[in-house]
Amino acid sequence: MTDSAGGVGLGELAIRLVGSLALVVGLLLLIARTVNRRLKAPAGAAVQVVHRQPLGRGQAVAVVSVGTRVLVLGTTEQQVTLLAEVEPDEIGLDLTAPEPGSDPPVVPDSAPLAGSVLSPQTWKDAMAAVTGKRAS
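Going by the numbering used here, the sequence shown opens with residue 978, and the numbers climb by one from there.
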């Protein structure tokens, strides 16, 4: 596929471009998956971040479970401030200890990449919005 000047044809260039893009996106997803596994708290950890909502650059509100307590924390780059303590049932959180051998409960939006373009759930939600179907 070369043109009369001996260069690369448009079709071959497009195939190379799509292939390169697929490779880069695949590497990003692999890196995101690896980072997600390393940053995730182990099941049964004493302190777990239930949800984190960024408010601005370097500022966020986090809901954290510590044993049987649920704390709402304000975080900045310099400090962490206790804003409130709430009851687990107020936010729909079950803090009972799981039975041995059972899977730990899945807490929505607890992944570090939740809501980002690298999150698989974001892509599922986007596809559901485009196709009109509900995301799982």
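Every residue, glycine too, gets a C-beta built ideally from N, C-alpha and C.
As the structure is a prediction and not an experimental result, all values here were calculated from the model.
Burial check for residue 1042: the Cβ neighbour count within 10 Å reaches 16 or more, so the residue is buried. Fewer than three Cβ pairs drawn from the region 1024-1031 and the region 997-1016 lie within less than 8 Å of each other, which leaves the two stretches out of contact.
Contact between residue 1048 and residue 1062 holds: CB atoms are separated by about 6 Å, below the 8 Å threshold. Taking every protein chain shown into account, the CB of residue 1057 has fewer than 16 other CB atoms within 10 angstroms, so this residue is exposed. Using a 10 angstroms sphere on the CB of residue 995, the tally of other CB atoms stays under 16, which defines it as exposed. Residue 1001 has its alpha-carbon roughly 18 Å from the corresponding atom of residue 989.
The continuous stretches of alpha helix (DSSP H) do not include residue 1053, and DSSP gives it neither H nor E. Assigned with DSSP and collapsed to three states, residue 1058 falls in strand. The distance from the Cβ of residue 1059 to that of residue 1050 is about 6 Å, consistent with a contact at the 8 Å cut-off.
Under the DSSP assignment, residue 1107 falls in the alpha helix (DSSP H) whose first and last residues are 1097-1108. In the DSSP assignment, residue 1031 falls within the unbroken beta strand (DSSP E) covering 1024-1033. The Cβ neighbour count for residue 1040, taken over all protein chains shown within 10 Å, is at least 16; the residue is labelled buried.
Per DSSP, residue 985 lies in no beta strand (DSSP E) segment and is marked neither H nor E.
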